[in-house]
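A.B. asks: Below are the structure tokens for one structure; questions will follow.
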């Protein structure tokens, strides 16, 4: 069974440029999460989807960040424009559901903003 | 959990020895779950072990076990017979209703 797939693994951009990250969750997992992981820190939730609905986006900086999950499968996280402080690893995770379900993480997308 | 604290930024252990990683948490929830996740360098995070707060019995998964002290809000991870492959960043996490709070992590080094 394929795991959670993220791309790109690494991205280097100039500040004020846009960037997008893509995530393909494990087949059948209806819950999808985007986490932000700063260097030396644990992951912090940005947004959670139940199927195609964003049910928790309280921590998503909506002035520059946006996300979508079309058809309740793949998801894209976008930053526009990127700032220096956005340099971090963006983790996607999925779970089958149930509020205590185990999270399956992707390898992450490491963003460097110059 | 609203807060999760891992007070050991780094730990080291000799291969085949036992090591304990500490975690404390704070929550106002009555029903919550606690986890230990492992993140090897440049690899994805994977679940090591999970504990339901309503269960008194400590969870065990092969060489990994927890010491869950509910009153003290403590949730430590014990790794027995440490192996080189156990070297990784370990994150303690807690929460309920899909919302997990992660600690800052403990970097475990395993010395041959």
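Chains as they are written, first to last, in this note's numbering: chain Z, 141 to 254; chain V, 2 to 113.
The beta carbon of each residue, even a glycine, is placed where N, CA and C say it ideally should be.
1) Hey, does residue 26(V) have any beta-carbon neighbour from chain Z nearer than 8 Å?
2) When you compare the CB of residue 217(Z) with every CB in chain V, is at least one pair closer than 8 Å?
3) If you compare alpha carbons, which of 234(Z), 192(Z), 252(Z) is closest to residue 224(Z)?
4) Excluding the 5 residues flanking residue 246(Z) on each side, which residues of the same chain have their C-beta closer than 8 Å to its C-beta?
5) Nearest chain V C-beta to residue 188(Z) closer than 8 Å, yes or no?
6) Please list the terminal residues of the continuous beta strand (DSSP E) segment that includes residue 99(V).
7) Please work out which residues of its chain come closer than 8 Å, Cβ to Cβ, to residue 112(V), disregarding the five sequence neighbours upstream and downstream, and give them in chain order.
8) Using a Cβ cut-off of 7 Å, which residues of the segment 60–92 of chain V contact any Cβ in chain Z, in chain order?
9) Taking only the alpha-carbon atoms, compute the straight-line gap between residue 100(V) and residue 176(Z) and give it to the nearest angstrom.
10) To the nearest angstrom, how far is the alpha carbon of residue 65(V) from that of residue 92(V)?
11) So if DSSP puts residue 244(Z) in a beta bridge, which residue, or which two residues, is it bridged to?
12) Please confirm if residue 161(Z) has its CB atom under 8 Å from at least one CB of chain V.
13) What residue from 26(V), 10(V), 19(V) has the CA that sits closest to residue 96(V)'s CA?
14) Between which two residues does the beta strand (DSSP E) holding residue 12(V) run?
15) Tell me whether the segment 146–156 of chain Z and the segment 53–70 of chain V touch, counting them as touching only if at least three CB pairs, one residue from each stretch, are closer than 8 Å.
16) Among the residues of its own chain, which have a CB less than 7 Å from the CB of residue 114(V), if the five just before and after it don't count?
17) Residues of chain Z with CB closer than 8 Å to the CB of residue 55(V), please, in chain order.
18) Taking only runs of the beta strand (DSSP E) that begin and end inside the segment 33–64 of chain V, which ones reach a length of at least 3 residues, in chain order?
19) DSSP on residue 203(Z), reduced to helix/strand/coil?
20) Name the one or two DSSP bridge partners that residue 190(Z) has.
21) Counting contacts by CB-CB distance shorter than 8 Å, is residue 252(Z) in contact with chain V?
22) Assuming residue 88(V) is part of the beta strand (DSSP E), what are its boundary residues?
23) Give the interface partners of residue 3(V) over in chain Z, defined as CB-CB distance under 9 Å, in chain order.
24) Between residue 200(Z) and chain V, is there a C-beta pair that is closer than 8 Å?
C.D. replies: Per the coordinate set shown:
1) For the purposes of this step, residue 26(V) is taken as residue 25 along the second chain, with counting starting at 1. Residue 26(V) is outside the set of residues whose beta carbon lies under 8 Å from a beta carbon in chain Z.
2) Along the first chain, read from residue 1 onward, the residue named residue 217(Z) stands at position 77. Put simply, the CB of residue 217(Z) is far from chain V, with every gap to its CB atoms at 8 Å or more.
3) The residue given as residue 224(Z) occupies position 84 in the first chain. Nearest to residue 224(Z) by alpha-carbon distance, out of 234(Z), 192(Z), 252(Z), is 252(Z).
4) As a first step, residue 246(Z) must be located in the first chain, where it is residue number 106. Excluding sequence neighbours, residue 246(Z) sits near 143, 144, 145, 146, 163, 231, 232, 233.
5) For the purposes of this step, residue 188(Z) is taken as the residue at position 48 of the first chain. At a cut-off of 8 Å between C-beta atoms, residue 188(Z) counts as an interface residue with respect to chain V.
6) Along the second chain, one-based indexing puts residue 99(V) at 98. Bounds of any beta strand (DSSP E) do not take in residue 99(V), whose DSSP letter is neither H nor E.
7) In the second chain, residue 112(V) corresponds to position 111, counting from 1. Exclusion of the five residues before and after residue 112(V) leaves 13, 14, 15, 16 as the residues of its chain whose Cβ lies within less than 8 Å of its Cβ.
8) Within the segment 60–92 of chain V, the residues whose Cβ lies closer than 7 Å to some Cβ of chain Z are 92, listed in chain order.
9) If you number the second chain from 1, residue 100(V) lands on position 99. If you number the first chain from 1, residue 176(Z) lands on position 36. Using only the alpha carbons, I get a separation of about 14 Å.
10) In the second chain, the residue the question calls residue 65(V) occupies position 64. In the second chain, the residue the question calls residue 92(V) occupies position 91. Roughly 14 Å separates the two Cα atoms.
11) As a first step, residue 244(Z) must be located in the first chain, where it is residue number 104. DSSP output for residue 244(Z) lists 234(Z) as bridge partner(s).
12) Sequence index remark: in the first chain, residue 161(Z) carries index 21 (1-based). In terms of beta-carbon proximity, residue 161(Z) stays away from the interface with chain V, with every pair separated by 8 Å or more.
13) In the second chain, counting from the first residue as 1, residue 96(V) sits at position 95. Per the Cα distances, 26(V).
14) Along the second chain, read from residue 1 onward, the residue named residue 12(V) stands at position 11. Per DSSP, residue 12(V) is one residue of the beta strand (DSSP E) stretching across 11–15.
15) Output reads no: the segment 53–70 of chain V does not touch the segment 146–156 of chain Z.
16) Nothing in the structure corresponds to residue 114(V), since chain V is present only between 2 and 113.
17) Against the second chain, residue 55(V) aligns to sequence position 54. Correct list: empty, because the minimum Cβ distance to chain Z is about 11 Å.
18) 34–40, 47–53, all fully within the segment 33–64 of chain V.
19) Counting from one through the first chain, the residue named residue 203(Z) turns up at place 63. Of the three classes helix, strand and coil, the one that applies to residue 203(Z) here is coil, per DSSP.
20) Here residue 190(Z) refers to the residue found at position 50 when the first chain is read from its first residue. In DSSP, residue 190(Z) forms a bridge with 171(Z), 193(Z).
21) For the purposes of this step, residue 252(Z) is taken as residue 112 along the first chain, with counting starting at 1. Residue-level contact check: residue 252(Z) does not touch chain V, since none of the beta carbons of chain V fall below 8 Å from its beta carbon.
22) Indexing the second chain from 1 puts residue 88(V) at position 87. Annotation for residue 88(V): no beta strand (DSSP E) segment contains it, and DSSP assigns it neither H nor E.
23) Indexing the second chain from 1 puts residue 3(V) at position 2. Near residue 3(V) there are no residues of chain Z at all, since even the closest Cβ is about 13 Å away, more than 9 Å.
24) The residue given as residue 200(Z) occupies position 60 in the first chain. For residue 200(Z), the nearest beta carbon of chain V is not closer than 8 Å to its own beta carbon.
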